[in-house]
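For reference, the structure discussed in these notes is given below.
4 protein chains.
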Amino acid sequence: MGDEINENCSTCETETSGTRTAHHDEKIIKELINRLNRIEGQVRGVKGMIERHVYCDDVLNQITSAQSALDGVSKLLLEKHFKSCVKDRLSQGDDEVIDELLKTIFRMKR
Amino acid sequence: MGDEINENCSTCETETSGTRTAHHDEKIIKELINRLNRIEGQVRGVKGMIERHVYCDDVLNQITSAQSALDGVSKLLLEKHFKSCVKDRLSQGDDEVIDELLKTIFRMKR
Amino acid sequence: MGDEINENCSTCETETSGTRTAHHDEKIIKELINRLNRIEGQVRGVKGMIERHVYCDDVLNQITSAQSALDGVSKLLLEKHFKSCVKDRLSQGDDEVIDELLKTIFRMKR
Amino acid sequence: MGDEINENCSTCETETSGTRTAHHDEKIIKELINRLNRIEGQVRGVKGMIERHVYCDDVLNQITSAQSALDGVSKLLLEKHFKSCVKDRLSQGDDEVIDELLKTIFRMKR
């Protein structure tokens with residue numbers, strides 16, 4: 001393979017295509033998908049409320065609850081990411097992951 | 001009184017059932033629904049990314065973008081609500097709408 | 001006085017200089033000032049922590065607590081503003097206050 | 001062992017007293033202190049505005065700007081913390097720093 005892609009990070013191995021991937025265990029993937037299914041349902045629910053002319057205050061609170069649910073998904077994913085890819089890339093001296101992660105965290109904070 | 005709508009607030013009439021409703025014009029409803037359709041697509045997109053083991057950092061940023069889109073829907077809805085129900089209820093001396101709205105705004109801020 | 005400034009809003013009268021002012025009662029002013037004194041002390045406390053090389057995590061949490069305290073001041077002020085100036089300007093048909101307030105609320109949300 | 005600092009983390013040495021400390025370089029300390037001095041001034045400025053009955057909307061925006069300035073201090077501190085203590089503790093297998101940092105980040109996000 002000649003200049004083989006350096007499988008440098010056991011967790012987010014850079015595949016031959018050069019893109020990083022994530023390798024969560026099945027349990028986490030299932031948990032994330034379940035939560036996202038519920039959020040998808042909440043968004044559909046908000047659409048229904050608007051179509052049924054539900055009082056705006058109730059709709060606004062339903063949107064806020066969908067956003068909090070998305071927050072929960074981000075938090076779980078950030079934790080898993082930190083404890084796998086970030087930790088592994090740092091242990092291999094790949095400090096770029098710090099700036100990458102900080103940018104993502106500051107976007108989340110907005 | 002027959003089936004007359006209790007006209008105490010021209011915009012968010014309290015129907016005989018006592019629940020408030022909202023009356024946005026069709027253009028706003030269409031705009032809100034379009035945005036929510038896109039957000040629903042974004043949430044489905046996040047699910048797909050997780051199923052395809054996309055690198056977590058990219059997934060986190062996609063979730064943040066769905067949250068910003070939801071922020072946009074809240075802002076539009078808050079403006080319409082303010083310029084219709086809130087204004088009308090205040091003009092009829094119904095100050096309860098202030099505390100109701102402040103609670104909702106503070107939840108949005110979290 | 002000829003073209004006298006229209007004392008149109010009993011609460012946030014536009015003084016002859018044309019600038020709006022606020023008229024909170026003494027109790028609220030005292031409450032706001034007390035809270036701001038404490039926050040000033042918190043900010044000074046953070047400076048001291050940095051000068052004493054206190055562990056960053058502790059400093060970060062102290063900054064977050066000062067921000068929450070500022071949130072509390074904003075909430076109290078927003079409520080008083082809403083129940084005085086905003087309400088009065090709306091009752092006099094001055095709808096500009098809605099866009100002004102929404103802009104401020106959306107800035108607070110960032 | 002005499003009065004030797006326990007060198008288990010070159011950056012945030014745990015002193016004999018068991019508390020972690022931070023060791024930013026002078027330039028960063030000066031930058032953080034300058035920013036905090038300005039924020040202290042902003043908080044004092046808000047107090048003055050309230051005492052002078054400045055229109056609430058202007059005061060609310062001044063508070064928001066002080067909060068953004070505090071955000072800036074947190075971001076700078078988080079970056080330095082990440083690139084020193086967090087990185088060093090992870091490199092020594094001290095994974096507890098991950099949960100500690102995530103808790104702090106989630107508090108910042110509220």
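Residue numbers (full-length UniProt numbering), protein chains in the order written: chain F, 1 to 110; chain C, 1 to 110; chain U, 1 to 110; chain B, 1 to 110.
Note that the Cβ used here is the ideal one computed from N, Cα and C, for glycine as well.
Since we're looking at a predicted model, the values are computed, not measured.
Near-chain U residues of the region 76 to 94 of chain C (beta-carbon distance less than 8 Å), N- to C-terminal order: Within the region 76 to 94 of chain C, the qualifying residues are Leu78, Glu79, Phe82, Lys83, Lys87, Leu90, Ser91.
Over what stretch of residues does the alpha helix (DSSP H) that includes Phe106 (chain C) continue unbroken? In this chain, the alpha helix (DSSP H) harbouring Phe106 (chain C) covers 96 to 109.
Terminal residues of the alpha helix (DSSP H) in which Gly18 (chain B) lies: No alpha helix (DSSP H) holds Gly18 (chain B); DSSP gives it neither H nor E.
CB-CB under 8 Å to Ile39 (chain C), same chain, minus the five flanking residues each way: which ones, in chain order? So the list reads Ala66, Ala69, Leu70, Val73, once near-sequence residues are dropped.
Would Ile33 (chain F) pass as an interface residue toward chain B - the criterion being a Cβ-Cβ separation below 7 Å? With respect to chain B, the C-beta atom of Ile33 (chain F) has no partner C-beta closer than 7 Å.
Of the residues U:Cys85, U:Ser84, U:Ser91, which one's Cα is nearest the Cα of Lys87 (chain C)? U:Ser91
Measure the alpha-carbon distance for Asn61 (chain B) versus Thr21 (chain C) and round it to whole angstroms. 33 Å
Would you mind sorting Arg52 (chain B) into buried or exposed? The rule is 16 or more other CB atoms within 10 Å of its CB. Burial call: exposed.
Could you confirm whether any beta carbon from chain F is found closer than 7 Å to the beta carbon of Lys109 (chain B)? At a cut-off of 7 Å between C-beta atoms, Lys109 (chain B) counts as an interface residue with respect to chain F.
Below 7 Å CB to CB, which residues in the same chain sit around Ile105 (chain C) once its five sequence neighbours on both sides are set aside? Closer than 7 Å at the Cβ level, and outside the excluded window around Ile105 (chain C), lies no residue.
What does the alpha-carbon distance come out to for the pair Arg44 (chain U) and Val59 (chain U)? 12 Å
One or two residues paired with Val54 (chain F) in a DSSP bridge: C:Thr21
Minimum C-alpha distance to Asp94 (chain B) - residue among F:Ile63, F:Lys83, F:Asp25: If you compare the alpha carbons of F:Ile63, F:Lys83, F:Asp25 with that of Asp94 (chain B), the shortest gap goes to F:Lys83.
Consider the Cβ of Thr11 (chain B): report whether some Cβ of chain F lies at a distance smaller than 7 Å. Only weak support is given to the placement of Thr11 (chain B): the predicted model assigns it a pLDDT of 49, under 50, and the value that follows is read from those uncertain coordinates. So no, Thr11 (chain B) is outside the interface.
Compute the Euclidean distance between the alpha carbons of Gly18 (chain U) and Cys56 (chain B), then round it to the nearest angstrom. 15 Å
Closest residue to Asp99 (chain U) among C:Ile98, C:Arg89, C:Lys80 (Cα-Cα distance): C:Lys80
Among U:Ile50, U:Leu102, U:Leu101, U:Gln42, which residue has its Cα nearest to the Cα of Thr64 (chain U)? U:Gln42
Among F:Ile28, F:Val46, F:Leu32, F:Lys75, nearest to Arg107 (chain B) - alpha-carbon criterion: F:Lys75
Looking only at its own chain, which residues have a Cβ that is under 8 Å from the Cβ of Val46 (chain C), when we skip the five neighbours before and after it? Val59, Gln62, Ile63, Ala66
Is it buried or exposed for Met1 (chain C), if we count other Cβ within 10 angstroms and need 16 for buried? Residue confidence is low: Met1 (chain C) scores 37 on pLDDT, short of 50, so the model does not pin down where it sits. Its coordinate-derived value is still stated next. When all chains shown are included, Met1 (chain C) counts as exposed.
Give me the Cα-Cα distance between Val97 (chain C) and Ile29 (chain C), rounded to the nearest whole angstrom. Cα-Cα distance, rounded: 23 Å.
Work out the CA separation of Asn34 (chain F) and Arg89 (chain C) for me, nearest whole Å. 40 Å
Under the three-state DSSP convention, the category Gly93 (chain U) falls into: coil
So which residues on chain B does Ile98 (chain F) lean against when the C-beta distance must stay under 9 Å? Glu79, Phe82, Lys83, Val86, Lys87
Return the chain-ordered list of same chain residues with a C-beta closer than 7 Å to the C-beta of Ile50 (chain B), the five sequence neighbours on each side being excluded. The beta carbon of Ile50 (chain B) is closer than 7 Å to those of Val59 in its chain, skipping five residues each way along the sequence.
Give the straight-line distance between the Cα atoms of Asp25 (chain B) and Leu77 (chain B), rounded to the nearest whole angstrom. 12 Å
Taking a contact to mean a Cβ-Cβ separation below 7 Å, would you say Thr109 (chain B) touches Lys109 (chain F) in this structure? Here residue 109 (chain B) is Lys; the residue named in the question, Thr, does not match the sequence. Cβ atoms of Lys109 (chain B) and Lys109 (chain F): closer than 7 Å.
Apart from the five residues on each side of it in sequence, which residues of its chain come closer than 7 Å, Cβ to Cβ, to Leu101 (chain B)? Val86
Quick one: what's got a C-beta closer than 8 Å to Glu31 (chain C)'s C-beta in the same chain, skipping five residues either side? Leu76
Closer than 7 Å by beta-carbon distance: list the chain B residues that pair up with Gln67 (chain U), in chain order. Gln67, Leu70
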